[in-house]
Structure formats: structure tokens, C-alpha cells
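Heads up: the sequence shown begins at -12 in this note's numbering, then just goes up one per residue. Single-structure report; data block below.
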Amino acid sequence: MEREERMLTRAAVLVPLVDRPEGYTVLLTQRTAHLEHHAGQISFPGGRAEDEDASPVHTALREAEEEIGLHRRHVVEIAGFLDLYQTVTGFLVTPVVGFVDPSFVLRLDPFEVAEAFEAPLEFLLDPNHHEQRSLVYNGQQRRYYVIPYQDRNIWGATAAMLVDFSRRLAEHSSLSL
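In C-alpha cells:
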């Protein structure tokens, strides 16, 4: 795996948890349709690491500010990390879980982000909403998760990270959000 990791592009995403009166939500984006990687998909704010990024946290916060205008002062606490995720497009992604002050005002980068929305964390982490599907990609059968939410399908890396989050919380059932 170490040799494989060197060939992958390092990236990080912010898994932004927003404390709302009705419960925690997750801030998600829909990528614009013309992007080279993951066009039109639902995703967490984030992207590739730059040389000046000191850590995955720095990458996730910088990218969240660039993509959706979420200033780092609104990320009040970094809760931790989910498992590294390797995409089929050659990225090794570090998911950074952070608590976000709900007083933020977003400014979307119209080149990268078509829209931003919040979905209830409880819904996204409920295993009853995690569907497994498969498709053929580059001649190989691949399995992936889909989480249908309203008129959207959260799938691929984002859904896999949410499933990982759900499993981790289930392992520590005394934790609840």
C-alpha cells in the first residue's frame, strides 16, 4: 500500500457538522457539471493538498473556504478523522470531521460548486438509508454506496465516508449526536 499511496494525489475534505436546533446537519455541496473529476456529484467541501498545506486539516479548511466561503473561524472544533479513502480517480482523501458554528454565510465558487445544502446527520448515518449498488468501471465490477436524500443521490466517496462514520459511531454506541 505504501508504494500505491505515493502514486496517489493527496486530498482532504471537511465533514462539516452544523449544530441546528433540530439536531446536527452535514453541510454538503453539489459539484458543477463541467469539472474534470466527480462532476455533478454530491460531496464534502475539499480538494487536493497544496505544497504549503501543513496538514490534512489545513487542506480541508483552505478548500472549504475557497469552494464555499466557509471561513475557518466558523469551524470551532476539529473532532477527528475518518479512515483514509482511495478514489477510483487516483486521490487519497483524508476526511476531517469538524463542528461548525451555524452563524456562517456561504459564498459559493460558481466554477466548482453548483449548490450547497444541509442534510440531517441522523438520516445520513442511519444504516437503513445505505444502499449498496454495483457498476462496471474500467472493465471491473465495483460496489459502491448510495444514500438517497430528497431528490439527490449521495454516492461514491462521500457516501462511503458517511458509512464509515456511521460504523464508527455504532462501535462506540455511547456516543450520540
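Note that CB positions come from ideal geometry on N, CA and C, so glycine has one too.
> Should residue 78 be labelled buried (16 or more other beta-carbon atoms within 10 Å of its own) or exposed?
Replying inline: buried
> If we ignore side chains and look at the alpha-carbon of each, how far apart do residue 69 and residue 33 end up?
Replying inline: 14 angstroms
>> Is it buried or exposed, residue -12, if we count other Cβ atoms within 10 angstroms and call 16 or more buried?
In response: Unreliable placement is indicated for residue -12, whose pLDDT of 46 sits below 50; no coordinate value is reported for it.
>> I'd like the span of the beta strand (DSSP E) that includes residue 10, first residue to last.
In response: 10 to 18
> Could you give the uninterrupted runs of the alpha helix (DSSP H) lying entirely in the stretch 108 to 153, keeping only those of 4 residues or more?
Replying inline: 108 to 112
> Apart from the five residues on each side of it in sequence, which residues of its chain come closer than 8 angstroms, Cβ to Cβ, to residue 147?
Replying inline: 72, 131 and 132
> Whole-angstrom Cβ separation of residue 19 and residue 98, contact assumed at under 8 angstroms?
Replying inline: 7 angstroms
> Count the other CB atoms within 10 Å of the CB of residue 145; is the residue buried (16 or more) or exposed (fewer)?
Replying inline: buried
> Whole-angstrom Cβ separation of residue 102 and residue 28, contact assumed at under 8 angstroms?
Replying inline: Contact doesn't hold; Cβ gap of about 12 angstroms is too wide.
>> I need the boundaries of the alpha helix (DSSP H) containing residue 46, first residue and last residue.
In response: 43 to 55
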